[in-house]
DNA sequence: TACGTATGATTCGTGATACGAACTAGGAGG
DNA sequence: CCTCCTAGTTCGTATCACGAATCATACGTA
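Okay, here's the thing in structure tokens:
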């Protein structure tokens, strides 16, 4: 119906069973599912896990998190509220601009953040386990190219 | 900290700014975001849109939908309830096995399903717009390889 | 300094999402 | 008939996501 049926261009790549777009949707679903599974193992939700993973490199202002997570300010407030209530993060007021609050991990949050971050990376890389290193590097480069310029 | 820092292996692929796993997470986020944007244009939620897209090829039993969407039975019941309330789908009892209900699109649901399906594919393919056809085909093949065997 | 405006974040109300446990209805085998 | 299994629903709870309204702070300008 559309232009989505891919044409086999190389001998090695056989006949693709779906086009790029459908593949992307499926892939996104798989990633989301992996996130959900790992989160459940640590008694977290996917959103909470993603928040923790955003913080492993240090405190981040609410506004930045809002942009990174594609969340409205009010949605982020709620998410941080719930995670703070569990004692995994804390808010620190910025001294330079007292309007902004930086979110940082507590000790337990740091532990959970590192664990879930590591597990996620392991599981996702394992998805590409049987792809040769060369192809995998190119896959990474192509993905980087797609997400570049999307925030 | 982990083995995620990619090593530049070819002259053409420059220095990647992140590894495969992080790229996958970002990509999943972008796809999710596209889904959300399109859904909003049609006054739907992402989940409702995904449900409609699942039905464009004909009626599907609840149990199958549950598996395809990675949803518990009760969650799916709620989702179908809300979409049915909007008049986009209807439930039909299966004559052979009167326990199963097949979900199918109404006329309006069909229209919305087709429209959102088309828009989603267009927008996602546009994401790879500046990638040469050769690379794009390989990207599709590699993605297919990753999601193969994940249900 | 005082005023108006812009920005960062929270509060509140609403609807959607997702889950598990308990339940109902229908099939399948003895 | 009785039991077991499966397909879906109901119900209660927690989370998620949004927009409008609000509060506090910063900043420019008169």
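Protein chains in written order, with this note's numbering: chain Z, 1 to 151; chain C, 1001 to 1151.
Glycine is no exception: its CB is placed at the ideal position from the N, C-alpha and C atoms.
is_contact[residue i, chain C] using C-beta, thresh 8 Å
| i | result |
| --- | --- |
| residue 54 of chain Z | no |
| residue 19 of chain Z | yes |
| residue 26 of chain Z | yes |
| residue 91 of chain Z | no |
| residue 98 of chain Z | no |
| residue 60 of chain Z | no |
| residue 145 of chain Z | yes |
| residue 127 of chain Z | yes |
| residue 140 of chain Z | yes |
| residue 150 of chain Z | yes |
| residue 23 of chain Z | yes |
C-beta neighbour in chain Z for residue i, strict 8 Å
| i | result |
| --- | --- |
| residue 1040 of chain C | no |
| residue 1063 of chain C | no |
| residue 1135 of chain C | yes |
| residue 1113 of chain C | no |
| residue 1095 of chain C | no |
| residue 1073 of chain C | no |
| residue 1076 of chain C | no |
Beta bridge counterpart(s) of residue i as assigned by DSSP
| i | result |
| --- | --- |
| residue 103 of chain Z | Z/60 and Z/91 |
Chain-order list of residues whose beta-carbon lies under 6 Å from that of residue i (same chain, five-residue window excluded)
| i | result |
| --- | --- |
| residue 49 of chain Z | 39 and 116 |
| residue 1044 of chain C | none |
Assigned secondary structure, residue i (DSSP; H/G/I helix, E/B strand, else coil)
| i | result |
| --- | --- |
| residue 98 of chain Z | coil |
| residue 141 of chain Z | helix |
| residue 1115 of chain C | helix |
| residue 55 of chain Z | coil |
| residue 1109 of chain C | helix |
| residue 1082 of chain C | helix |
| residue 33 of chain Z | helix |
| residue 40 of chain Z | helix |
| residue 129 of chain Z | coil |
| residue 1149 of chain C | coil |
| residue 71 of chain Z | coil |
| residue 1135 of chain C | helix |
| residue 19 of chain Z | coil |
| residue 120 of chain Z | helix |
| residue 49 of chain Z | helix |
Buried or exposed by the 16-neighbour rule on C-beta atoms within 10 Å, applied to residue i
| i | result |
| --- | --- |
| residue 1063 of chain C | exposed |
| residue 137 of chain Z | buried |
| residue 1053 of chain C | buried |
| residue 150 of chain Z | exposed |
| residue 129 of chain Z | exposed |
| residue 58 of chain Z | exposed |
| residue 1098 of chain C | exposed |
| residue 78 of chain Z | exposed |
| residue 1085 of chain C | exposed |
| residue 1145 of chain C | buried |
| residue 141 of chain Z | buried |
| residue 974 of chain C | Nothing can be reported for residue 974 of chain C, as the shown portion of chain C is limited to 1001 through 1151. |
Neighbourhood of residue i by C-beta distance below 8 Å, restricted to the same chain and skipping five residues each side
| i | result |
| --- | --- |
| residue 87 of chain Z | 106, 108 and 109 |
| residue 1119 of chain C | 1038 and 1041 |
| residue 76 of chain Z | 62, 65, 66 and 69 |
| residue 1127 of chain C | 1030 and 1034 |
Cβ neighbours of residue i in the same chain (closer than 7 Å, five flanking residues each side left out)
| i | result |
| --- | --- |
| residue 1026 of chain C | none |
| residue 1103 of chain C | 1055, 1059, 1060, 1062, 1065, 1080, 1089 and 1091 |
| residue 1068 of chain C | 1054 |
Contact test: residue i Cβ vs the ligand FAD heavy atom, cutoff 7 Å
| i | result |
| --- | --- |
| residue 1144 of chain C | The model on display carries no ligand, and the ligand FAD is accordingly not part of it. |
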